[in-house]
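Structure first, commentary second.
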Amino acid sequence: MKWPFCRRWPGASVAFLVNEPIAIAELVRRVSDPEHGGTATFMGTVRRGPDDGPVAAIEYTAYEGMAESEFSKILDQTLERWPGARVALQHRLGRIPTGEVSVAVVVSTPHRAQAFEACRYVVEELKQRVPIWKQEVLEGGATRWRGNRDSGQDVT
Amino acid sequence: MKWPFCRRWPGASVAFLVNEPIAIAELVRRVSDPEHGGTATFMGTVRRGPDDGPVAAIEYTAYEGMAESEFSKILDQTLERWPGARVALQHRLGRIPTGEVSVAVVVSTPHRAQAFEACRYVVEELKQRVPIWKQEVLEGGATRWRGNRDSGQDVT
Amino acid sequence: MDPSTDTTISIRCSFFARYAELVGCDHVTLDVPAGATVGTAVALLRGVVPNGDQLPDRPMVAVNQEHALADTKLRDGDEMALLPPLAGG
Amino acid sequence: MDPSTDTTISIRCSFFARYAELVGCDHVTLDVPAGATVGTAVALLRGVVPNGDQLPDRPMVAVNQEHALADTKLRDGDEMALLPPLAGG
């Protein structure tokens, strides 16, 4: 389940699909660099959802091999656009209770503007390209599939 | 030194000037909200600085009363622009060694775009308005004052 | 050698998430005419799998783990995955 | 009552960071004509404090802990702070 992306971005940028809670501090530590003054982070969190019945959890699944390869392409493109940026990301799979983090993206760069932009880029790309799906589990136990482009339903 | 901004943004948005290392996880915890699916974070870090001699630390000082009031205005304006956003921020004062965090801004909102935008807004505003100064301490012991608008010298 | 091997190719079709639930399995093998495109294969697939008519006409598709278009040409042994609307993040 | 109290007001001028280092103290009391603006007070200040000529003509200034402009009017007892280029973050 863990993909050793770090081999391709030695010592710096790594990405993993994980089944356990995401350790943000560890991702931040991985991108830290004495020449980098700005670190931007995004965390997507499972939210209760105001729309209809309260959500107890989201069950995430992936087309794992392809997701690995898409994450890898996103990181390649990010480093092409922001050379020298350090990027770490993790997406959690399985059942994630409300309030816990499903995805974290951490980017450090010498100056802050690039960190914000690169972090946002990674998040937008992953939502559009990485084959991951979510099924909401409502408090009553009912389930429903949700897409990022369902009108008004994008959880983050 | 700690400003109880939390009284004005009950249970959610707080800000402190601190003399000790910034506890990011605690700030993240403070903005967490079951209806908020996106959390954006910015951390400014003391960097060694490629320009001239390596920087061992930065000594931060502030016009503390005014800084308190400016932080407070920034948070008010942020909440006016992004109603319902939860914001936490801390700026550390005193001598901060290279690699440690000088400022952290954490924003959570229902959807990700607002979290990114509001976080960026807080960072840009604080750089422009809050009376805080830094003096670089070079490895040899020499010191020099640095401003955010010094050409090419903005550390983050 | 045998000309009949030129007339059809065999592809593996994978289903994920809601689509897997809909058709009741995670993959099937499908024979399609040699030179068929993703579009052709999807049309054939919708005719043969259970509830295939409830799959979209033009779903998001990956071939061999790369995003593909309706006019992407298929080759024998390809894996064509039908991807429900993405929901990562 | 006494007309002389109308002709001058007393303000407290504060220095921070590099400016405090430059002038060698963190505040001075300055008498300025009643109705003086920040601009006037800064000009007077530059003439009386040590190394005052090395302070900028138009520094960033706060009056009573609020950002102020060169034409902001001063009142007796105001605190006028000279702020070196900001460096928070």
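Protein chains in written order, with my numbering: chain A, 1 to 156; chain B, 1 to 156; chain C, 1 to 89; chain D, 1 to 89. Ideal placement from N, C-alpha and C gives every residue a C-beta, glycine not left out.
Give the DSSP bridge partners of A/R110, in chain order. The sequence given here places Pro at residue 110 of chain A; Arg does not occur at that position. For A/P110, which the question treats as bridged, DSSP gives no partner whatsoever.
Leaving aside the five residues before and after D/V48 along the sequence, list all residues of the same chain whose C-beta is less than 8 Å from its C-beta, in chain order. V28, L30
For the stretch 30-57 of chain B, enumerate the residues whose C-beta is nearer than 7 Å to any C-beta of chain A, in chain order. S32, P34, E35, H36, G37, G38, T39, A40, T41, F42, M43, G44, T45, R47, R48, P50
Taking only beta-carbon positions, decide if D/M1 is within less than 8 Å of chain B. Bear in mind that a pLDDT of 47 at D/M1, under 50, signals an unreliable position, so the number given afterwards is only what the model happens to contain. Not one chain B Cβ lies under 8 Å of D/M1.
Could you check whether A/F71 and A/V123 sit closer than 8 Å to each other, using their CB atoms as the reference points? no
Tell me, please, which residues DSSP counts as bridged to B/A40. A/F42, B/V107
Please list, in chain order, the chain B residues whose beta carbon lies closer than 8 Å to that of A/G99. S32, P34
Comparing the CB of B/R120 with every heavy atom of the ligand MG, is any distance shorter than 7 Å? The ligand MG is not among the ligands present in this structure, which contains no ligands whatsoever.
From the DSSP output, read off the bridge partner residues of A/P97. A/A57
Measure from the alpha carbon of C/T37 to the alpha carbon of each residue in C/D78, C/G89, C/Y19, then state which is nearest. C/D78
Can you give me the C-alpha to C-alpha distance between C/F15 and A/R48, rounded to a whole angstrom? 28 Å
By DSSP, does C/T8 sit in helix, in strand, or in coil? strand
Use the C-beta contact count for A/E26: other C-beta atoms within 10 angstroms, 16 or more gives buried, fewer gives exposed. exposed
Give a yes or no on whether the C-beta atoms belonging to B/P97 and B/V46 are separated by under 8 Å. yes
Below 8 Å on the Cβ atoms is my contact criterion, and I expect C/K73 with C/G39 to pass it. Report the Cβ-Cβ distance as a whole number of Å. Contact flag wrong, Cβ pair sits at about 10 Å.
Mind listing which residues of the stretch 14-43 of chain D have their C-beta closer than 7 Å to chain B's C-betas, in chain order? F16, A17, R18
Since B/V106 and B/T61 should fall inside the 8 Å C-beta cutoff, what is the C-beta to C-beta distance between them, to a whole number of angstroms? B/V106 to B/T61, Cβ: 24 Å. No contact.
For B/K2 and chain D, any beta-carbon pair shorter than 8 Å? Because the pLDDT at B/K2 is just 37, under 50, the model does not fix this residue reliably, and the point stays unresolved.
Tell me the DSSP bridge mates of D/E79? D/R12
DSSP has D/L74 in a bridge; who is on the other side? Answer by DSSP bridge pairing: none, since D/L74 is not bridged.
Below 8 Å on C-beta distance, what does C/P84 contact in chain A? W133, W145, G147
Exposure of B/A142, with buried meaning 16 or more beta-carbon neighbours within 10 Å: exposed
Smallest Cα separation from B/F158: which of B/L93, B/P110, B/G140, B/V137? A question about residue 158 of chain B goes unanswered here, because the residues of chain B that appear run from 1 up to 156.
Distance, C/M80 Cα to C/N64 Cα: 6 Å
Could you name the residues of the same chain whose beta carbon sits closer than 6 Å to that of B/I24, not counting the 5 residues immediately before and after it, in chain order? A104
Nearest neighbour of D/M60, chosen from D/I11, D/L22, D/V42, D/G52 [CA to CA]: D/V42
Going along the chain, which residues of its own chain have a beta-carbon closer than 7 Å to the beta-carbon of C/D26, five neighbours each way excluded? S14, F15, A20
Does any CB atom of chain B fall closer than 8 Å to the CB of D/A70? no
For C/R18, which option in C/L55, C/G88, C/A70, C/D76 has the closest C-alpha, if you only look at C-alpha atoms? C/L55
Show which residues of chain B have a CB atom less than 7 Å away from the CB atom of D/Q65. G65, M66, S69
Cβ of B/R120 less than 8 Å from any chain A Cβ? yes
With 8 Å as the limit, tell me which residues of the stretch 75-90 of chain B have their beta carbon closer than that to any beta carbon of chain D; keep them in chain order. none
Quick one: residues in its chain with C-beta nearer than 8 Å to the C-beta of B/A118, no 5 flanking neighbours on either side, listed in chain order? A40, T78, R81, W82, A85, V87, V107, T109
Cutoff 6 Å; reference C/D57; Cβ partners in own chain excluding five residues on either side: none
Assigned exposure category for B/N148 - 16 Cβ within 10 Å defines buried: buried
Suppose contacts are defined by Cβ-Cβ distances below 8 Å. Is A/S32 in contact with B/G99 by that definition? yes
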